[in-house]
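Undergrad:
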Amino acid sequence: MGIVKSVSEQENTTNHVLGDPEDMNKDFEVLTYNGVSETELGTSTFVEGTKVIVVGKLRSLSDRHGIMSYNIREVIDEKEYRAFTLEAKIAKIYFEKNVPSILRSGMGEGLSGCAAGPPADGGVASGPKENLSVFGSQATRLYGTPGATSSVARGHNLEGQRGKIMDLLQREKDNYDSIGMSEGDIKKAIGAMNMDSLRKDLQFLVNEGHIYNTTDDEHYALID
Numbered sequence: 002m003g004i005v006k007s008v009s010e011q012e013n014t015t016n017h018v019l020g021d022p023e024d025m026n027k028d029f030e031v032l033t034y035n036g037v038s039e040t041e042l043g044t045s046t047f048v049e050g051t052k053v054i055v056v057g058k059l060r061s062l063s064d065r066h067g068i069m070s071y072n073i074r075e076v077i078d079e080k081e082y083r084a085f086t087l088e089a090k091i092a093k094i095y096f097e098k099n100v101p102s103i104l105r106s107g108m109g110e111g112l113s114g115c116a117a118g119p120p121a122d123g124g125v126a127s128g129p130k131e132n133l134s135v136f137g138s139q140a141t142r143l144y145g146t147p148g149a150t151s152s153v154a155r156g157h158n159l160e161g162q163r164g165k166i167m168d169l170l171q172r173e174k175d176n177y178d179s180i181g182m183s184e185g186d187i188k189k190a191i192g193a194m195n196m197d198s199l200r201k202d203l204q205f206l207v208n209e210g211h212i213y214n215t216t217d218d219e220h221y222a223l224i225d
């Protein structure tokens with residue numbers, strides 16, 4: 002979400018430069034291909050000063066991080082912006098504390114709230130308790146049986162092929178610049194046997210916020 006600082010149109014694309022509403026000196030680019038928006042209602046070009054929300058994928062644009070958007074629209078209700086800032090703070094803490102990896106490693110039994118289940122009621126007498134959580138109170142409801150060997154030393158608690166991918170990208174991050182590593186190079190470097198399995202693991206790492214696509218859907222880099 003940001004405020005439009007400038008906009009330029011090409012034959013097939015529209016490029017918005019958005020400023021951070023909290024600090025307009027910080028900006029990022031949003032590239033939109035004409036005709037690919039999820040909704041064709043209204044305009045896909047916004048004038049300077051308009052506050053907008055963008056949905057898309059992180060990309061390397063002009064040698065810096067930007068967004069290739071699927072949808073961009075004006076923010077009408079200021080409550081939406083306030084909600085967005087709170088969600089961003091929660092997400093920042095969630096990943097700074099490495100909560101997804103803690104839960105997957107089986108070390109998250111002490112967590113309450115969020116994905117680990119509701120806070121425990123300390124005032125209820127001991128005895129059989131009814132579990133009213135949709136997801137269950139244990140991390141194993143989401144991530145399987147705890148106790149498997151984790152790679153804590155590597156800093157990501159991922160095993161198997163996913164761990165190998167993370168180790169490779171961490172090891173090579175100073176060599177691949179903003180382009181990232183291609184899925185073919187990753188396959189060769191880690192000795193993957195099946196490209197479909199590799200792509201599923203790469204997509205999992207993208208969805209979990211560990212890595213992102215750079216120049217296209219076949220190149221990947223670590224999120225710093």
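According to our numbering, the sequence shown is numbered sequentially starting from 2. All C-beta atoms in this analysis are idealised placements derived from N, C-alpha and C, irrespective of residue type, glycine included.
Opposite Y177 in the DSSP bridges: which residues?
TA: In the sequence shown, the residue the question calls residue 177 occupies position 176. Answer is none; Y177 lacks a bridge partner.
Undergrad: In whole angstroms, what separates the C-alpha of T15 from that of I73?
TA: Along the sequence shown, read from residue 1 onward, the residue named residue 15 stands at position 14. Along the sequence shown, read from residue 1 onward, the residue named residue 73 stands at position 72. One C-alpha to the other measures close to 11 Å.
Undergrad: If you measure from the CB of I4, is any heavy atom of the ligand HEM nearer than 8 Å?
TA: Among the ligands in the structure shown, none appear at all, so the ligand HEM cannot be discussed.
Undergrad: What's the C-alpha gap between P101 and K188?
TA: The residue labelled residue 101 in the question sits at position 100 within the sequence shown. The residue labelled residue 188 in the question sits at position 187 within the sequence shown. Cα-Cα distance, rounded: 25 Å.
Undergrad: Who are V5's beta bridge partners in DSSP?
TA: Along the sequence shown, one-based indexing puts residue 5 at 4. Looking at the DSSP assignment, V5 forms a beta bridge with L19.
Undergrad: To the nearest angstrom, how far is the alpha carbon of E160 from that of V55?
TA: Here residue 160 corresponds to residue number 159 of the sequence shown, with the count starting at 1. Here residue 55 corresponds to residue number 54 of the sequence shown, with the count starting at 1. Between E160 and V55, the C-alpha separation is close to 33 Å.
Undergrad: Do M167 and I94 have their CB atoms nearer than 9 Å?
TA: If you number the sequence shown from 1, residue 167 lands on position 166. If you number the sequence shown from 1, residue 94 lands on position 93. For M167 and I94, no; Cβs fall outside 9 Å.
Undergrad: Using 8 Å for Cβ pairs, my map puts L170 next to L203. What's the rounded Cβ distance?
TA: Taking the first residue of the sequence shown as 1, we reach residue 170 at position 169. Taking the first residue of the sequence shown as 1, we reach residue 203 at position 202. Between L203 and L170 the Cβ distance is about 10 Å, and since that is not below 8 Å, they are no contact.
Undergrad: Measure the CB-CB distance between V5 and V76 and report whether it falls below 9 Å.
TA: Along the sequence shown, read from residue 1 onward, the residue named residue 5 stands at position 4. Along the sequence shown, read from residue 1 onward, the residue named residue 76 stands at position 75. Cβ distance not < 9 Å, so V5 and V76 don't count as in contact.
Undergrad: Whose C-beta lies closer than 7 Å to the C-beta of G210 among residues of the same chain, with five residues either side of it excluded?
TA: As a working note, residue 210 is residue 209 in the sequence shown. Only F96 and I224 meet the Cβ criterion.
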